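Going by numbering that gives the first Met the number 0, the sequence shown opens with residue 0, and the numbers climb by one from there.
All C-beta atoms in this analysis are idealised placements derived from N, C-alpha and C, irrespective of residue type, glycine included.
Please read all numbers here as calculations on a predicted model, not as lab measurements.
Have a look at the structure below, then the notes.
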Amino acid sequence: MSFHVQGKTALVTGANRGIGKAITEALLVHGAKKVYAAVRTLESAQPLVDAYGDRVAVIPLDLADPKTIQAAAEKAADVELVVSNAGVLKTATALSSEAIEALQYEMEINVYGLIRMAQAFAPVLKRNKGGAFVQLNSVASLRSFPAFATYAASKAAAYSITQGLRAQLAEQGTQVLSVHPGPIASDMAQEAGFEEIAEPASLVGEGIVAALKAGEFHLFPDSLAKQVGGAYQGFATQVIDAIMNEG
0 MSFHVQGKTA
10 LVTGANRGIG
20 KAITEALLVH
30 GAKKVYAAVR
40 TLESAQPLVD
50 AYGDRVAVIP
60 LDLADPKTIQ
70 AAAEKAADVE
80 LVVSNAGVLK
90 TATALSSEAI
100 EALQYEMEIN
110 VYGLIRMAQA
120 FAPVLKRNKG
130 GAFVQLNSVA
140 SLRSFPAFAT
150 YAASKAAAYS
160 ITQGLRAQLA
170 EQGTQVLSVH
180 PGPIASDMAQ
190 EAGFEEIAEP
200 ASLVGEGIVA
210 ALKAGEFHLF
220 PDSLAKQVGG
230 AYQGFATQVI
240 DAIMNEG
């Protein structure tokens with residue numbers, strides 16, 4: 000399965016900053032007809048409108064509010080590519096007093112939010128000839144880090160959901176891409192203490208365009224991610240892809 004962004008209509012959650020903004024810009028640079036910038040605060044995406052005009056349509060969406068997700072799916076009825084980018088991170092270890100609270104919040108946004116997005120937009124993509132669904136996971140989906148163990152747990156769960164979506168959405172001709180960045184220049188990387196080694200967010204945007212075109216399921220866009228991805232590739236090929244092929 001292969002997806003080309005040229006001439007397509009896309010939706011990106013969390014499009015106003017960081018990785019989401021870089022993804023939005025990459026899609027537009029590579030010829031996307033229009034991108035719905037799905038954000039919690041409409042004014043935050045105004046710089047994208049100023050730069051790209053009516054090729055950017057700003058719409059409200061909050062992953063914690065199912066009503067806004069459904070409303071966005073109704074508004075963006077012409078969407079052919081959905082990028083589920085928005086997420087949250089709490090620096091909580093498994094033994095910290097706030098671990099349960101942190102994990103509940105991260106699961107609400109990073110996992111339940113993904114499920115809500117898939118449930119709302121899968122029918123839209125089906126009506127629009129399949130299209131593609133991109134989920135921003137993390138290297139932490141594959142390898143936990145003690146300082147933010149709860150975040151890693153939520154991203155591991157999101158990756159599991161993404162694998163399930165890959166199989167289910169293939170039945171309607173929808174390509175699924177699981178993106179696993181390492182430290183990328185963003186507010187989240189700063190919160191995690193990775194700003195000194197963080198790489199440009201443009202790597203993610205450009206990587207998504209290329210991976211969709213190549214029909215890939217996994218994308219490891221930056222240096223650390225490529226190291227993790229290289230080590231993981233054997234398992235991914237022999238187990239993850241094999242199960243998909245059997246299905």
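Of the residues Ala-117, Leu-47, Tyr-51 and Lys-125, the one whose Cα lies closest to the Cα of Gly-17 is Leu-47. Counting every other CB atom within 10 Å of its CB across the protein chains shown gives Ser-222 a total below 16, marking it as exposed. If you draw a straight line from the Cα of Leu-26 to the Cα of Ala-98, it is about 37 angstroms long. Between Tyr-35 and Ala-75 the beta-carbon gap is near 5 angstroms, inside 8 angstroms, which marks them as a contact. Counting every other CB atom within 10 Å of its CB across the protein chains shown gives Glu-105 a total of 16 or more, marking it as buried.
When only Cα atoms are considered, Glu-205 and Tyr-51 end up about 18 angstroms apart. Contact between Thr-8 and Ala-14 is ruled out by a C-beta separation of about 14 angstroms, above the 8 angstroms threshold.
The beta carbon of Thr-67 sits closer than 8 angstroms to the beta carbons of Pro-59, Leu-60 and Asp-61 from its chain, once the five residues preceding and following it are set aside; these are given in chain order.
With respect to the 8 angstroms criterion, Thr-173 and Ala-131 are classified as neighbours on the basis of their beta carbons. Per DSSP, the continuous alpha helix (DSSP H) segment holding Ile-68 begins and ends at 65-74. DSSP links Gln-162 through a beta bridge to no other residue.
Rounded to whole angstroms, Asn-84 and Ala-121 show a C-alpha spacing of 16 angstroms. A direct Cα-Cα distance of roughly 30 angstroms separates Lys-212 from Leu-41. Pro-59 is bridged by DSSP to Val-38.
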